[in-house]
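Visitor: Structure provided below as structure tokens; questions to follow.
Protein chains in written order, with this note's numbering: chain A, 279 to 764; chain B, -8 to 634.
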């Protein structure tokens, strides 16, 4: 048996080695976990760098189970960025909660490994393995503060509902296997296109949609989201809101364009319908939240709604523009949402007991720590979609694609919901700048270097994408065109 | 002949705007807590460095006929519209950046003394740096989008700085007025850019101008583009009837008036028209409009200047009038004299503003000339500097203003535009009159100051007087850049830029001759007689102004009230808008829109509150909803397939 070529999975191998190293080193450490953090960080950077170095490669490995190409690399770099930001946010936060353990970083790396496989998979088996690796690591991370009721509850809810979702996905996949007898995307796609079982295929399409929809919190499969975000450690909540979501969309794009190409008319309608419902639910619930972390959870659901509209446009027109816009949006979203959670991490680290993520806790922030308030405003502006920020560029390209797909009405709905979202995003700013806090907050120790670096990275990403979008546009165009040449 | 530019041009050209940008960022971020009273150092050094780099660029550019183009990256890619972030340093933009960075450096240094002790000290310097950055992007940009970016950004800084003393109602109102008036012009300007893009499919200067030269686009289109662009210039460069904001802009601190409202920003319109010379040359109508508006503004604003009593307002109207001269020159195809006048005007007008700032500083904030007088011996440096500026502005040999102004008038005359020449000559007479009226009222005769103020009169610190002296020197000798007339260093430097436009117009200027000498003598005579008249009115027979005013009561009142332009706007545009919007507000907004908006807001609130219980927190319910969702989805699929 010839040795398999490992080139397509070099980045993943690096990540795996780093994760295992973390587990090996951890027992030898006492209180100071710097070594573990350094390993995790180095692993992530090496993972991203390796992926970057492979740019331009286009090859499949392991019997066409995984590929390395610009599309997979786009996501790997994105995951690396999200991972780096998460790791940098964590040490001081975990110390403040007396739970600074090495497993945390190992689990995070394993989750990213799963995501990475998910984006690179070209086979239903590899896809499922990636999905589960990501999911199981996530359940554990959500319950990482296991002595806290909320964290425990979050993990359990996530696990139970997540298992249902996995079962649903698996059911859909098994139907596909039943029709075609194959698991490779390209083979399955061709077979389905030539087959007849249209209702059954549509059924399988719907099931896989529901399963993946759970992962990216499409309403009505979203109900775990706010509870899990609220209960999970805040850096992890931020990570959940961007990482698995981007991975989910990487899989969704591939699954529906490659595997279910035959039922494109069916899933286009499904995506559009769920897009509207998800935008409605996300925005509506976000409006009434007084807890900023929960508000961000619902707002992330709303953003998924916009992305689903992009999928609808992609199915409707087959226009490259829509796919590129989705990638662009995911990248923009990663930086701005991670940044918003990062500011919350900072506040919670400063006041582990008194700060409870409510709007009232944010009151007078501009006076207490003007930098935090300014950064938070930047991220809120970006989430709203104010020009000059990444959020605007993302929305601009995405809605533009929707309009080009002759779905002007859908774009209009999305724009209206965006306008509604300004209400709850800008409300945070009103509290920070124009309300006085009722109690005297003692400003704790100053911001830690890594957290500052993480926030700086997020802010730089938001501004860079917002002011000089060309680089990222080129990257997403390259990635998506490469992906279509499957 | 393709010229090989030195490779360091690739980074020094982008560095010129980058330096003040850095100064801005650092000052605004760290100024309040860390830099505080030391906020002037970084902006001044950054500006001075930018000036040195500009000289380097000049050294390179003067060896080549064509400009230096450097593209950093694609800035906005949207379909066909690819806008690169690129800079274009040709002879015209190089002349501009040398002027902008040089004058800015002096004004920054002056501001150190003038703004000393102001609570917004760091804020002031950060805005100034941001302004310098915007202005440099405006003149260095390689396409109309960057021009527009700089255009709007300088506008923004100008509103900030006009309203710098935002607690003063008049300052806030003046900022608002500048904003609204400029919106009118910018609306036309942006339409012009759209039309340009639609017509030629590109916004990069070199490509647009080549397309215009080779293909053209029909006279009607070219006229429309040129006139729309000119609307923008009228707003920014304060030409009639969009000039009303500039005098009010004097509410800002004096260095701002000098930098923005005299030397640099207001010349953006002149620069833009000169930059687009090929476009304007393609339309006779547009040229006529430019010349007409310029000439009318020149005499109109000068006439208002006669009756103003606020020292800064006299200068403001004088600026409007001098900008009129520049447009007049552009309109008759005298591109180089227009830019020449722009540069000399920057020197002496910055000097005059800084000088009057020094006067105001010495008099503890007094700006009314009726309460000045006799300051000649009290603040001698300021007096001599201001006097130099005044002679230059009046156009008296051999000061800077003489050469550039005379050239404009000479070319107008030789081109047969006698009416324009005559208007220009009359305006020159008035200019000399009101300028020396200012000098005599402020520095001569006996003191009319309040005793309290008089007690405190003091010469300004060195940081204020040194820039004055430098600018005074430049006002004295700057004109010799254009010597001999129409064939000076300056003309040879700029000639290649305007060759294409001159070709379209078919202009071949005759060499300097006897006729020019005659015209020179005439204009000097006119200027001197203006000064002499002012001397009689304000030194010898000081009851004359009153008598004259009484004799021509309606005329005097009209010019005193600035020809009632503000009142006319109030009675027509403003009233119409206010009444109209009040009507809309009462009938439409309050009833319909508010109803809808409040209704929608209420709807969200109520429905949000109504759905809240749906999120029960029970995992059974979550799973239930999930399965319900799957069930509905599958049912829909089945129904759709007609089972």
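In this text, a Cβ means the ideal position worked out from N, Cα and C, and glycines have one as well. Here the structure is a predicted model, which is why all the values come from computation and not from measurement.
Span of the beta strand (DSSP E) holding residue 337 of chain A?
Guide: 337 to 339
Visitor: For residue 610 of chain B, which of A/715, A/599, A/439 and A/457 has the nearest alpha-carbon?
Guide: A/439
Visitor: For residue 764 of chain A and residue 750 of chain A, what's the separation of their Cα atoms in angstroms?
Guide: Note that residue 764 of chain A scores a pLDDT of 48, beneath 50, so its modelled location is shaky; the value from the coordinates is reported in the next line. Computed Cα separation, rounded: 21 Å.
Visitor: Sorted by chain position, which residues of the same chain lie with C-beta nearer than 6 Å to residue 453 of chain A's C-beta, five sequence neighbours on each side aside?
Guide: So the qualifying residues of the chain are 482.
Visitor: From residue 507 of chain A to residue 492 of chain A, what distance separates their C-alpha atoms?
Guide: 14 Å
Visitor: Measuring only the C-alpha atoms, how far is residue 496 of chain B from residue 273 of chain B?
Guide: 8 Å
Visitor: What are the complete alpha helix (DSSP H) segments, minimum 4 residues, inside the region 466 to 527 of chain B?
Guide: 480 to 496 and 505 to 526
Visitor: Give a yes or no on contact between the region 294 to 308 of chain B and the region 328 to 345 of chain B, applying the rule of three or more CB pairs nearer than 8 Å.
Guide: yes
Visitor: Quick check on DSSP: helix, strand or coil for residue 62 of chain B?
Guide: strand
Visitor: Note down, in chain order, each residue of its chain lying with its Cβ closer than 6 Å to the Cβ of residue 505 of chain A, except the 5 sequence neighbours on either side.
Guide: The residues 432 and 435, in chain order, have a CB closer than 6 Å to that of residue 505 of chain A in the same chain once the five nearest residues on each side in sequence are set aside.
Visitor: Tell me, which residues are paired with residue 78 of chain B by DSSP?
Guide: B/61 and B/132
Visitor: So, helix, strand or coil for residue -8 of chain B, using DSSP?
Guide: Unreliable positioning characterises residue -8 of chain B in this predicted model, as indicated by a pLDDT of 45, which lies under 50. The coordinate reading is nonetheless provided below. Residue -8 of chain B: coil per DSSP, three-state reduction.
Visitor: Between which two residues does the beta strand (DSSP E) holding residue 327 of chain B run?
Guide: That residue, residue 327 of chain B, is in no beta strand (DSSP E); its alpha helix (DSSP H) goes 326 to 353.
Visitor: Can you check which of these residues, B/204, B/178 and B/321, is closest to residue 283 of chain B by C-alpha distance?
Guide: Nearest to residue 283 of chain B by C-alpha distance, out of B/204, B/178 and B/321, is B/321.
Visitor: Which chain D residues are close to residue 614 of chain B, counting only those with a beta carbon under 8 Å from its beta carbon?
Guide: Going by chain labels, chain D is absent from the structure shown, which instead holds the protein chains A and B.
Visitor: Can you tell me the Cβ-Cβ gap for residue 0 of chain B and residue 61 of chain B, rounded? I've got them flagged as a contact below 8 Å.
Guide: Residue 61 of chain B and residue 0 of chain B do touch by the CB rule: their CB atoms are close to 7 Å apart, below 8 Å.
Visitor: Would you say residue 498 of chain A lies against chain B (beta-carbon separation less than 8 Å)?
Guide: yes
Visitor: If we define contact as Cβ-Cβ less than 8 Å, is residue 676 of chain B a contact residue for chain A?
Guide: Past the boundaries of the shown model lies residue 676 of chain B; chain B is included only from -8 to 634, so the question cannot be answered.
Visitor: Measuring only the C-alpha atoms, how far is residue -8 of chain B from residue 56 of chain B?
Guide: At residue -8 of chain B the pLDDT is 45, less than 50, meaning the model places this residue with poor confidence and gives no usable figure here.
Visitor: Using a threshold of 8 Å, state whether the C-beta atoms of residue 400 of chain A and residue 486 of chain A are closer than that.
Guide: no
Visitor: Once the 5 residues before and after residue 740 of chain A are set aside, which same chain residues still bring their CB inside 8 Å of it?
Guide: Cβ-Cβ distances below 8 Å link residue 740 of chain A to 610, 613, 614, 617, 656, 657, 660, 667, 668 and 669 in the same chain, with the five nearest sequence neighbours on each side left out; the list follows chain order.
Visitor: Per DSSP, what are the beta-bridge partners of residue 259 of chain B in this structure?
Guide: Partner(s): none; residue 259 of chain B has no beta bridge.
Visitor: How big is the Cα-Cα spacing for residue 746 of chain A and residue 74 of chain B?
Guide: Whole-angstrom Cα-Cα distance: 11 Å.
Visitor: Whose Cβ in chain B lies nearer than 7 Å to the Cβ of residue 435 of chain A?
Guide: 610 and 613
Visitor: If you draw a straight line from the alpha carbon of residue 366 of chain A to that of residue 156 of chain B, how long is it in whole angstroms?
Guide: 43 Å
Visitor: Report yes or no: do the region 110 to 122 of chain B and the region -5 to 15 of chain B share at least 3 C-beta pairs separated by less than 8 Å?
Guide: Output reads yes: the region -5 to 15 of chain B touches the region 110 to 122 of chain B.
Visitor: Using the rule of at least 16 other Cβ atoms within 10 Å of the residue's Cβ for burial, across every protein chain shown, is residue 257 of chain B buried or exposed?
Guide: buried
Visitor: Would you check if the distance between the CB atom of residue 700 of chain A and the CB atom of residue 662 of chain A is smaller than 8 Å?
Guide: yes
Visitor: Is DSSP giving residue 639 of chain A helix, strand or coil here?
Guide: helix
Visitor: CB-CB under 8 Å to residue 27 of chain B, same chain, minus the five flanking residues each way: which ones, in chain order?
Guide: Only 112 and 113 meet the Cβ criterion.
Visitor: Thinking just about the alpha-carbon of each residue, which of B/462, B/106, B/35 and B/294 is nearest to the one in residue 352 of chain B?
Guide: B/106
Visitor: Taking the C-alpha atoms as reference points, what is the distance between residue 638 of chain B and residue 396 of chain B?
Guide: Look at the range of chain B in this structure, -8 to 634, and you will see that residue 638 of chain B is not part of it.
Visitor: Would you call the region 325 to 343 of chain B and the region 362 to 372 of chain B in contact, with 3 or more CB pairs under 8 Å?
Guide: no
Visitor: If you draw a straight line from the C-alpha of residue 34 of chain B to the C-alpha of residue 128 of chain B, how long is it?
Guide: Rounded to whole angstroms, residue 34 of chain B to residue 128 of chain B spans 17 Å at the Cα level.
Visitor: Using the C-alpha atoms, what's the distance from residue 30 of chain B back to residue 685 of chain B?
Guide: In the structure as shown, chain B begins at -8 and stops at 634. Residue 685 of chain B is therefore absent and cannot be evaluated.
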